[in-house]
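Peer 1:
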Amino acid sequence: MRTYVIGVGMTKFEKPGSREWDYPDMAREAGSKALADAAVPYTAIEQAVVGYVYGESTSGQRAVYELGLTGIPVLNVNNNCSTGSTALYMARQLVKGGLADCVLALGFEKMQRGSLGTTFEDREQPLLNHLKELFDLYEWKGEPIAPYMFGAAGREHMTKYGTTPEQFAKIGEKNHRHSVNNPYAQFRDVYTLDEIKAAREVYAPLTKLQCSPTSDGSGAAVIASERFVDEHDLWSRAVEIAGQSMVTDTAATFEDKSAITLVGAKMSALAARNAYEEAGVGAEDIQVVELHDCFSTNELLTYEALGLAAEGEGGTLVDNGDNTYGGRWVVNPSGGLISKGHPLGATGLAQCAELTWQLRGTADARQVDGVTGALQHNIGLGGAAVVTVYRHAR
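Under full-length UniProt numbering, think of the first position of the sequence shown as 1, with each following residue one higher.
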């Protein structure tokens, strides 16, 4: 059964603590915008899937209660940094499987400032096995875990393929430049390449301006069946989810003895192949991409995982300018996680919103010319990768 995005909405992403609001406020804003965009009332929603990483057990219910109290099933989702896309994936599964005709996917996050840490210290951490493998490959001196992991993957790419720190820095420069045109972005400042390179080093080759920040914010999407779209005459706003795949870790994660594999590159590659196959397209049919640039190193690795560049040639794609306006693809026109921000539960749904606007031709100054196909990639370590292919509804 074909599935469609008929409405999207999001809040501006903010530095934690910079705005007087709580997660119900965020959810109300993003959810109300998505419903208004879809031109349907909350009473049309048959189920809701709500994603967040930091929160209490039924925060999903509390969030959507801001939109209405209709007794529908509300499913709470936590899948690390891919939580928002997991909510989207589950909403689509409900519609695709014929269990519902109209489902709300909503994600939010209210985060603490500073690097991500652990919440529960009395039990094994989900990434322990990943870290044990990585500690044998790259020295850790107490740096924040996330930049250590993705920085190590960047170092491996440099050693294997000759990629340079400047190529990673160019990705940071690009994404900050793109975010200037995004009113929803946490940061809207332009930095020169030299400023990106000279910023405080977090874990080489990563500097601060190549790392995504912690953020507060929310995103939402309304997913509907073909029957619902037809009955309500919503074709003018509908965007088809033509292919989608979620992949978790395989045995290769721990057998490869590779930092690149440990941070999910093979998960991403498999999810991309599955999504392309379902949609009947390839990377050559895509014009715009929103991918998980939690760090500039991961953006480059993901070029290769998604088939935008051959293995080892991500740096060449950067140098050729094939990741920005005027190039082969426009990657992260929103500014990406690095500059738009990264409220974990909302990230995947903000990506969905951006690509929906791109396909509708309503992305304003960020608009990519001639968009007929769009690609979304969202990853969470521990692990899950979600890749989604979008195209015009008709």
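Note that CB positions come from ideal geometry on N, CA and C, so glycine has one too.
Are three or more beta carbon pairs between the segment 2-10 and the segment 320-340 nearer than 8 Å?
Peer 2: Contact between the segment 2-10 and the segment 320-340 is absent: fewer than three C-beta pairs spanning the two stretches fall below 8 Å.
Peer 1: Distance cutoff 8 Å, beta carbons only. Does proline 24 sit that close to anything in chain D?
Peer 2: The chain inventory of the structure shown lacks chain D, comprising one protein chain alone.
Peer 1: Could you have a look at histidine 176 and say whether DSSP puts it in helix, strand or coil?
Peer 2: It is helical.
Peer 1: Out of Ser218, Asn332, Arg123 and His157, state which residue places its alpha-carbon closest to the alpha-carbon of arginine 28.
Peer 2: Ser218
Peer 1: Measure the alpha-carbon distance for arginine 155 versus alanine 204 and round it to whole angstroms.
Peer 2: 8 Å
Peer 1: Considering only C-alpha positions, which residue in the set Glu240, Glu299, Glu290 and Gln210 is nearest to alanine 265?
Peer 2: Glu299
Peer 1: Give, in chain order, every unbroken run of the beta strand (DSSP E) that is at least 3 residues long and sits entirely within the segment 255-323.
Peer 2: Secondary structure within the segment 255-323: the beta strand (DSSP E) runs of 3 or more consecutive residues, fully enclosed, are 288-290 (chain order).
Peer 1: Just mark lysine 340 as buried or exposed, buried being the case when its beta carbon has 16 or more other beta carbons within 10 Å.
Peer 2: buried
Peer 1: Measure the alpha-carbon distance for threonine 70 versus proline 144 and round it to whole angstroms.
Peer 2: If you draw a straight line from the Cα of threonine 70 to the Cα of proline 144, it is about 43 Å long.
Peer 1: Return the chain-ordered ranges of every beta strand (DSSP E) run that is complete within the segment 171-222 and spans a minimum of 3 residues.
Peer 2: Here the runs fully enclosed are 201-203.
Peer 1: Whose CA, out of Ala87, Leu67, Ala275 and Ile45, lies closest to the CA of serine 102?
Peer 2: Reading off the sequence shown, one finds cysteine at residue 102, where the question assumed serine. Here the closest residue by C-alpha is Ile45.
Peer 1: Just the C-alpha distance for threonine 86 and phenylalanine 168, rounded to the nearest angstrom, thanks.
Peer 2: 28 Å
Peer 1: Any idea which residues DSSP pairs threonine 3 with across the strands?
Peer 2: Looking at the DSSP assignment, threonine 3 forms a beta bridge with Ser225 and Ile241.
Peer 1: Do proline 343 and methionine 111 have their C-beta atoms closer together than 8 Å?
Peer 2: yes
Peer 1: Measuring alpha carbon to alpha carbon, tell me which residue in Ala220, Thr347, Asp369 and Ala365 is nearest valine 53.
Peer 2: Thr347
Peer 1: When the Cα of arginine 350 is compared with those of Tyr65, Ala365, Asn378 and Thr253, which residue comes out closest?
Peer 2: One point to set straight first is that residue 350 is alanine, not arginine, in the sequence displayed. Looking at the Cα atoms, Asn378 is the closest of the given residues.
Peer 1: Whether or not the segment 13-25 and the segment 182-196 are in contact is what I'm after, with contact meaning three or more pairs of Cβ atoms, one per stretch, closer than 8 Å; do they touch?
Peer 2: Output reads yes: the segment 13-25 touches the segment 182-196.
Peer 1: Could you check which residue in Thr302, Phe254 and Leu306 has the C-alpha nearest to that of glutamate 277?
Peer 2: Taking glutamate 277 as reference, the option from Thr302, Phe254 and Leu306 with the minimal CA-CA separation is Leu306.
Peer 1: Among residues of its own chain, excluding the 5 on either side of glutamate 284, which ones have a beta-carbon nearer than 6 Å to its beta-carbon?
Peer 2: none
Peer 1: Which class does isoleucine 379 belong to by DSSP, given the choice of helix, strand or coil?
Peer 2: strand
Peer 1: Would the segment 135-151 and the segment 247-267 be scored as touching if the rule is three or more Cβ pairs under 8 Å?
Peer 2: Yes, since at least three Cβ pairs between the segment 135-151 and the segment 247-267 fall closer than 8 Å, the two stretches touch.
Peer 1: So what does DSSP say about glutamine 47, is it helix, strand or coil?
Peer 2: strand
Peer 1: Tell me the rounded alpha-carbon separation between alanine 48 and leucine 127.
Peer 2: 29 Å
Peer 1: Taking 8 Å as the threshold (C-beta atoms), are valine 95 and isoleucine 196 in contact?
Peer 2: No, Cβ-Cβ distance for isoleucine 196 and valine 95 is not below 8 Å.
Peer 1: According to the neighbour-count rule (16 or more other Cβ atoms, all chains shown, within 10 Å of its Cβ), is glycine 312 buried or exposed?
Peer 2: Glycine 312 should be labelled exposed.
Peer 1: Compute the Euclidean distance between the alpha carbons of valine 229 and leucine 67, then round it to the nearest angstrom.
Peer 2: When only Cα atoms are considered, valine 229 and leucine 67 end up about 21 Å apart.
Peer 1: Nearest CA to the CA of glutamine 287: which residue from Leu375, Val386 and Trp21?
Peer 2: Leu375
Peer 1: Just the C-alpha distance for glycine 60 and leucine 104, rounded to the nearest angstrom, thanks.
Peer 2: 12 Å
Peer 1: Assuming leucine 212 contacts isoleucine 338 (C-beta within less than 8 Å), just tell me the rounded distance between them.
Peer 2: Per the sequence shown, the amino acid found at residue 212 is serine instead of leucine. Indeed they touch by this definition, with Cβ atoms about 5 Å apart.
Peer 1: Assign leucine 106 to one of three DSSP states: helix, strand, or coil.
Peer 2: In this structure, DSSP gives leucine 106 an extended state, which the three-state scheme calls strand.
Peer 1: Within its chain, find whatever has a CB closer than 6 Å to the CB of asparagine 79; leave out the 5 residues flanking it on each side and keep chain order.
Peer 2: Thr86, Gly380 and Ala384
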